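Sequential numbering of the sequence shown, starting at 112, is according to the working numbering. In this text, a Cβ means the ideal position worked out from N, Cα and C, and glycines have one as well. Bear in mind that the values here come from a model prediction, so they are computed numbers and not experimental data. Written out below as structure tokens is the structure these notes cover.
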Amino acid sequence: MVTDQQVRRLRMLIKTQKTKATAAAKAGMDEKTATKYLKNGKLPSQCRKEHTWRTRPDPFEQEPKCCVHR
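Written as structure tokens, this is what we have:
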């Protein structure tokens, strides 16, 4: 998992290093991952999608009428 700080460091290093591979290695990521974030222009925290599936039924979704207090 790549952090926002690593991508920020990559963007700084890409200006000073001779190759993308060197900048990626110094930032602590693979060259392919570095290419992805340089093309995308977003930080990893901005790229995450919320999942839409449920891992288990919601126990509070619908309470039975016998337990509702007034």
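| Asked | Found |
| --- | --- |
| Range of the contiguous alpha helix (DSSP H) that encloses Leu149 | 142-151 |
| Ala132, buried or exposed, once every other Cβ within 10 Å from all chains shown has been counted against 16 | exposed |
| Nearest residue (CA-CA) to Thr146, options Ser156, Arg167, Ala134 | Ala134 |
| With 16 other Cβ atoms within 10 Å as the buried cut-off, status of Met123 | exposed |
| Boundaries of the alpha helix (DSSP H) in which Pro155 is found, first to last residue | 155-158 |
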